[in-house]
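Participant: Have a look at this one before I ask anything.
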Amino acid sequence: MSMLRTEEMTLNMGPQHPSTHGVLRFVIRTDGEVMREAIPDVGYLHRSIEKIAEKVGYHGFMPYTDRVDYVCAMFTNQAWGMACEKLAGVEVPRRGEYCRVIAAEFNRIASHLLTVGLMGMDIGAMTPFVHALREREMINDLIEELCGARLTFNYMRIGGVAWDLPPGWRDKALAYLDHLEPIVNEFNALFSYNKICIERLAKVAAIGPADAIDYNLVGPNLRAAGVNWDVRRDLPYSVYPEFDFEIPLGSGEWGAIGDAMDRYMMRIRELTQSARILRQALTQIPDGPVLAKVVRNFKPAAGECQVRVESARGDQGWYVVSDGTSYPWRVHVRTGSFAAMGMIQKLSRGLMIADLVVLIASLDVIAPEIDR
Amino acid sequence: MEAWLNRLMMRGVFGAHPIPVLVYASGIAIACALVLFAIALPFASIVTWVERRVWARIQSRIGPNRVGPNGFLQWLADGLKHICKEDIIPAEADPRLFKLAPYLVVLAFILPWAVMPFSSSLILADLNVGILYMTAVTALTVVGVLMAGWASNNKWSLIGGVRSAAQVVSYEIPAGLSIFPVVLMTGTLSMQGITRAQGWSPDRWFLFASPFCFAAAIILFVASLAENNRTPFDLPEAESELVAGFATEYSSMRYLFFFMAEWGNMFVSAAIIVTLYLGGWRFPHVSPSPIAMNLLEFATFNIKVLIIVFVSMWIRGTLPRVRIDQMMSLCWKYFVPIAFVNLIGTAVWVAIWPAGNPFAAWSMLAVGVLLAAFFVRRVVHFARRSRMELYFHPTI
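This is how it looks when you write it as structure tokens:
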């Protein structure tokens with residue numbers, strides 16, 4: 002065999018590639034089907050969103066936050082709202098907070114449905130993807146009734162939300178939750194517990210708890226590694242302390258703790274937990290106004306603040322510096338996908354090309370959130 | 033067809049001179065080839081429509097329903113669209129091989145139709161090595177695919193082509209070994225001979241002849257999925273990994289050729305399974321008229337084949353794709369040893385019961401019916417429990 006001259010092949014995956022979830026690029030060094038390394042190259046979706054904030058003012062920036070992570074835009078809306086309220090000391094009405102949580106948790110379900118569906122498509126099964134999108138469409142319908150948009154919502158405002166729940170919406174939302182729980186079981190029967198699916202995902206790219214913390218993973222990726230951390234419970238914000246819910250953790254029951262299967266199942270389990278939060282929120286929602294009085298020319302006092310929300314992709318940090326004018330002096334967003342991209346190079350060593358696709362899908366990397 | 037030609041010659045229709053005989057014979061051969069071409073190509077195209085409709089139902093969609101009644105002419109529209117598109121040959125590609133590859137793939141899908149036993153008389157050439165010929169020419173596909181992958185001069189195409197070569201060559205072995213139990217039992221390689229050795233009733237199909245045959249038929253089916261690059265073995269064109277695999281650089285009609293061959297090959301491999309294990313065209317002798325009998329046999333054969341094709345579509349709508357190492361270990365660690373056991377077991381079986389064992393056949397049939405009933409019950413159970421409205425009506 003030593004007589005044979007072999008050489009590494011350098012493959013360019015992306016920025017136009019069907020399974021890179023947007024515009025990502027990887028430079029892959031492979032030895033046949035086995036990868037030596039995959040080097041992520043980010044920046045293809047950089048839109049200077051943080052800089053735009055310095056030019057459009059506090060109120061005007063709200064629609065731009067949708068574009069930070071368009072798959073779960075409610076969380077970025079909420080985080081921006083929270084940051085501005087913290088700077089100016091605005092109190093959000095309780096019904097407004099409930100509306101925010103309801104919208105955000107519905108958005109989390111929609112985002113996780115997209116993630117698990119994309120996992121199906123990335124390992125070659127189209128049907129789970131279409132089924133997941135079918136369920137997501139129903140959430141989009143609900144949210145469309147709420148705020149008129151299906152993807153980039155612009156639902157929240159500084160001091161609350163733009164619109165109250167429409168009449169009859171609560172019953173529709175509860176009916177959807179009744180519909181969702183059997184669908185999750187059906188989805189598991191179709192895809193999650195399929196032998197081929199488990200074989201493909203289990204033991205692929207396992208991340209231990211120490212590595213997950215070192216590489217700054219957040220959200221479901223972190224919890225799949227067995228680290229018990231959720232901003233909704235550990236740094237409570239909004240009205241989350243009023244709800245009773247569990248934080249699912251990666252158990253390693255399919256092989257290694259924190260493998261792709263664990264990360265995938267984390268999303269499936271969070272679907273049920275989000276539904277649980279939603280049920281409580283929809284039944285407990287108080288009456289009252291949804292939007293606090295906020296001046297049109299919003300000028301918070303000079304200072305800085307940081308807020309963290311648990312978005313569908315994990316702990317999302319917003320850092321805002323105000324110099325007392327009507328434009329923020331500096332805004333920075335810290336997103337989970339960026340940290341996850343940093344880990345891909347390490348995890349990719351020794352995987353197969355097909356596993357790289359699984360790895361990207363299981364980390365739930367969304368391209369706009371990486372670059373902003 | 034051959035027999036009919038011989039009969040005409042015996043009657044002296046062509047006269048005694050050899051030249052007119054040759055002219056007539058080649059004329060008839062060309063006519064037959066054209067007829068087969070005219071059956072095979074539309075079949076492969078119509079299957080694309082059927083598959084998209086079936087797939088859409090599985091995914092609670094509606095599927096193409098605009099062109100023609102229920103979208104039936106979608107295949108024609110797609111074909112026209114592909115012909116009208118620009119045929120791009122990449123500057124870095126090897127143009128000769130690049131152009132040749134789709135023809136080889138289509139050739140590999142057209143040639144098997146020559147020995148396709150549609151009914152007792154409808155067969156172009158009942159070769160005495162029919163089944164061997166069939167496996168030999170279908171294996172040509174891999175040459176075309178590998179050629180396409182190599183000539184495209186694209187790394188994704190190359191990986192797709194090499195994957196295809198590894199996959200098809202590996203799965204040829206269990207597929208070939210699963211053909212031999214039937215050959216052992218019948219002592220013939222001719223497609224008609226094998227069909228005639230079975231009866232119209234399921235207890236006289238080779239599927240139920242012995243437990244070894246049952247296992248061999250299942251291995252043959254799975255291996256045929258792998259040979260045709262069908263899900264769960266569609267690695268050579270794995271969209272999410274390799275863009276479009278070996279077909280990445282192809283466009284226009286050449287691209288369509290690959291996929292037409294893939295869909296057509298579904299029919300071919302289903303026909304092999306039906307002929308070997310499911311009784312082929314055998315139908316009870318209900319009419320003295322040979323034309324009526326042939327029509328009934330033709331319908332029987334096609335219905336059986338379409339059921340197998342439908343199952344393969346169903347599998348495609350359900351299963352994810354396996355990884356390449358899993359695919360290889362499935363072949364070499366499980367299928368090849370089991371196929372060898374089947375071969376030896378059948379040899380012993382034939383030595384003990386040269387005329388078959390009716391008791392074993394009936395028991396295997398009972399097992400088969402039980403398995404089918406269990407499966408149907410499961411499907412009905414899930415279909416009833418499903419919260420979504422299911423579009424079973426074919427004409428929406």
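Chains as they are written, first to last, in the numbering used here: chain L, 2 to 373; chain P, 33 to 428.
Ideal Cβ placement from N, Cα and C applies to all residues, glycine included.
Quick one: which chain P residues come within Cβ less than 9 angstroms of ASN195(L)?
Facilitator: As a position in the first sequence, residue 195(L) is number 194, starting the count at 1. Ordered by position in chain P, the residues that pass the 9 angstroms Cβ test against ASN195(L) are THR350, LEU351 and PRO352.
Participant: Chain P beta carbons: is any one of them nearer than 7 angstroms to that of ARG37(L)?
Facilitator: Taking the first residue of the first sequence as position 1, residue 37(L) is located at position 36. No, because no Cβ of chain P sits closer than 7 angstroms to the Cβ of ARG37(L).
Participant: With C-beta atoms as the reference, is CYS100(L) less than 7 angstroms away from PRO352(P)?
Facilitator: Position 99 of the first sequence, counting from 1, holds the residue named residue 100(L). Position 320 of the second sequence, counting from 1, holds the residue named residue 352(P). The answer is no: Cβ separation not under 7 angstroms.
Participant: Just the chain L side, please: which residues come within less than 8 angstroms of VAL275(P) by C-beta, in chain order?
Facilitator: Within the second sequence, the letter at position 243 stands for residue 275(P). Here the neighbours are HIS18 and PRO19.
Participant: How should GLN274(L) be labelled, buried or exposed, when 16 other C-beta atoms within 10 angstroms of its C-beta is the threshold for buried?
Facilitator: Walking along the first sequence from the start, residue 274(L) turns up at place 273. Classification of GLN274(L): buried, given that the 10 Å Cβ count is 16 or more.
Participant: Against CYS198(L), what residues of chain P qualify as contacts under a CB-to-CB distance less than 7 angstroms, listed in chain order?
Facilitator: For the purposes of this step, residue 198(L) is taken as residue 197 along the first sequence, with counting starting at 1. By Cβ distance, chain P contributes PRO352.
Participant: Is the CB of GLN199(P) under 7 angstroms away from at least one CB in chain C?
Facilitator: The structure shown contains no chain C; the protein chains it does contain are L and P.
Participant: Check whether the Cβ atoms of GLY193(P) and PHE291(P) lie closer than 7 angstroms to each other.
Facilitator: Translated into the one-based positions of the second sequence, residue 193(P) becomes position 161. Translated into the one-based positions of the second sequence, residue 291(P) becomes position 259. No. Outside cutoff.
Participant: For the region 294 to 302 of chain P and the region 159 to 173 of chain P, state whether three or more C-beta atom pairs, one from each stretch, are separated by less than 8 angstroms.
Facilitator: yes
Participant: Since TYR265(L) and SER363(L) should fall inside the 8 angstroms C-beta cutoff, what is the C-beta to C-beta distance between them, to a whole number of angstroms?
Facilitator: As a working note, residue 265(L) is residue 264 in the first sequence. As a working note, residue 363(L) is residue 362 in the first sequence. Yes, TYR265(L) and SER363(L) are in contact; Cβ-Cβ is about 6 angstroms, under 8 angstroms.
Participant: For THR7(L), count neighbouring C-beta atoms within 10 Å of its own C-beta (all shown protein chains included) and say buried if the count is 16 or more, exposed if not.
Facilitator: One-based indexing of the first sequence puts residue 7(L) at position 6. With fewer than 16 other Cβ atoms within 10 Å, it is exposed.
Participant: What is the DSSP secondary structure of TRP381(P), counted as helix, strand or coil?
Facilitator: Residue numbering aside, residue 381(P) sits at position 349 when the second sequence is read from its first letter. Of the three classes helix, strand and coil, the one that applies to TRP381(P) here is helix, per DSSP.
Participant: Grouping DSSP H, G and I as helix and E and B as strand, with all else coil, what is ARG395(L)?
Facilitator: Here chain L covers residues 2 to 373 and nothing more, so residue 395(L) does not appear.
Participant: Measuring CA to CA, which of ALA157(P), ILE78(P) and ASP110(P) is closest to ALA57(P)?
Facilitator: Position 25 of the second sequence, counted from the first residue, corresponds to residue 57(P). Among ALA157(P), ILE78(P) and ASP110(P), the Cα nearest to that of ALA57(P) is on ALA157(P).
Participant: Looking at the C-beta of ILE251(P), does it have a partner C-beta in chain L at a distance below 7 angstroms?
Facilitator: For the purposes of this step, residue 251(P) is identified with residue 219 of the second sequence, where counting begins at 1. It does not: the Cβ of ILE251(P) has no partner Cβ on chain L nearer than 7 angstroms.
Participant: Once the 5 residues before and after GLY208(P) are set aside, which same chain residues still bring their CB inside 8 angstroms of it?
Facilitator: Within the second sequence, residue 208(P) is the residue found at index 176, counting from 1. Excluding positions up to five away in sequence, the list reads THR167.
Participant: If you reduce the DSSP assignment to three classes, tell me which class PHE27(L) lands in.
Facilitator: As a position in the first sequence, residue 27(L) is number 26, starting the count at 1. If DSSP states are grouped into helix, strand and coil, PHE27(L) belongs with the strands.
Participant: How long is the line joining the alpha carbons of MET2(L) and GLY33(L), rounded to whole angstroms?
Facilitator: Working through the first sequence from its first residue, we reach residue 2(L) at position 1. Working through the first sequence from its first residue, we reach residue 33(L) at position 32. Bear in mind that the predicted position of MET2(L) carries a pLDDT of just 49, short of 50, making it too unreliable to give a figure here.
Participant: Does the beta-carbon distance from LEU12(L) to THR31(L) come in below 7 angstroms?
Facilitator: Numbered from its first residue, the first sequence carries residue 12(L) at position 11. Numbered from its first residue, the first sequence carries residue 31(L) at position 30. Yes, Cβ-Cβ distance for LEU12(L) and THR31(L) is below 7 angstroms.
Participant: Run through the region 68 to 103 of chain L for me and flag every whole alpha helix (DSSP H) of 4 or more residues, listed as ranges in chain order.
Facilitator: 74 to 89
Participant: For LYS187(P), which residues in chain L fall below 7 angstroms Cβ to Cβ?
Facilitator: Position 155 of the second sequence, counted from the start, is the residue given in the question as residue 187(P). Near LYS187(P) (Cβ distances below 7 angstroms), the residues of chain L are MET10 and LEU12.
Participant: Per DSSP, HIS333(L) is paired with what?
Facilitator: Translated into positions along the first sequence, residue 333(L) becomes position 332. Answer is TYR320(L), bridged to HIS333(L).
Participant: Counting Cβ pairs, one atom from each stretch, are 3 or more of them under 8 angstroms apart for the region 288 to 295 of chain L and the region 63 to 81 of chain L?
Facilitator: no
Participant: Of all Cβ atoms in chain P, is any one closer than 7 angstroms to the Cβ of MET2(L)?
Facilitator: The sequence position of residue 2(L) within the first sequence is 1, counting from 1. Reliability of the predicted coordinates at MET2(L) is poor, the pLDDT of 49 falling under 50, and the value obtained from them is presented with this limitation in mind. Output row for MET2(L): interface = no.
Participant: Can you find a C-beta in chain L that's less than 7 angstroms from the C-beta of ARG89(P)?
Facilitator: The residue labelled residue 89(P) in the question sits at position 57 within the second sequence. Taking Cβ atoms only, chain L never reaches closer than 7 angstroms to ARG89(P), which makes this a no.
Participant: For the putative contact between GLY162(P) and MET223(P), defined by C-beta atoms under 8 angstroms, what is the C-beta separation to the nearest angstrom?
Facilitator: Indexing the second sequence from 1 puts residue 162(P) at position 130. Indexing the second sequence from 1 puts residue 223(P) at position 191. Going by Cβ atoms, the distance from GLY162(P) to MET223(P) rounds to 4 angstroms, so yes, they are a contact pair.
Participant: Which parts of the region 247 to 324 of chain L are runs of the alpha helix (DSSP H), unbroken and 4 residues or longer, counting only runs that do not cross its ends?
Facilitator: 261 to 285
Participant: Among the residues of its own chain, which have a CB less than 8 angstroms from the CB of HIS114(P), if the five just before and after it don't count?
Facilitator: If you number the second sequence from 1, residue 114(P) lands on position 82. The residues are SER284, MET285, TYR287 and LEU288.
Participant: List the residues of chain P whose Cβ lies closer than 9 angstroms to the Cβ of ARG201(L), in chain order.
Facilitator: Residue numbering aside, residue 201(L) sits at position 200 when the first sequence is read from its first letter. Neighbours of ARG201(L) on chain P, chain order: PRO352, ARG353, VAL354, ARG355 and GLN358.
Participant: If you drop the 5 nearest sequence neighbours on each side, which residues of the same chain put their C-beta closer than 6 angstroms to that of TYR241(L)?
Facilitator: The sequence position of residue 241(L) within the first sequence is 240, counting from 1. ARG233, listed in sequence order.
Participant: Just the chain P side, please: which residues come within less than 8 angstroms of MET353(L) by C-beta, in chain order?
Facilitator: What you label residue 353(L) is simply residue 352 of the first sequence in a count that begins at 1. In chain order: ARG355, ILE356 and ASP357.
Participant: Would you decide whether GLY90(L) is buried or exposed? Buried here means 16 or more other CB atoms lie within 10 Å of its CB.
Facilitator: Translated into positions along the first sequence, residue 90(L) becomes position 89. Exposed, by the Cβ-count rule.
Participant: Anything in chain P within Cβ reach of VAL405(L), meaning under 7 angstroms, just list it in chain order.
Facilitator: Since the first residue shown for chain L is 2 and the last is 373, residue 405(L) is missing from the structure and cannot be characterised.
Participant: Can ASP172(L) be considered in contact with the ligand MG, in the sense that its beta carbon sits closer than 6 angstroms to one or more heavy atoms?
Facilitator: The ligand content of the structure shown is nil, which means the ligand MG is not present either.
Participant: Report all residues from its chain with a CB closer than 8 angstroms to the CB of VAL412(P); omit the five preceding and five following residues, and keep chain order.
Facilitator: If you number the second sequence from 1, residue 412(P) lands on position 380. Correct list: empty, nothing qualifies.
Participant: If I follow the unbroken beta strand (DSSP E) through ARG353(P), where does it start and stop?
Facilitator: Locating residue 353(P) in the second sequence gives position 321, where the first residue counts as 1. It is not in any beta strand (DSSP E) - ARG353(P) carries neither H nor E in the DSSP assignment.
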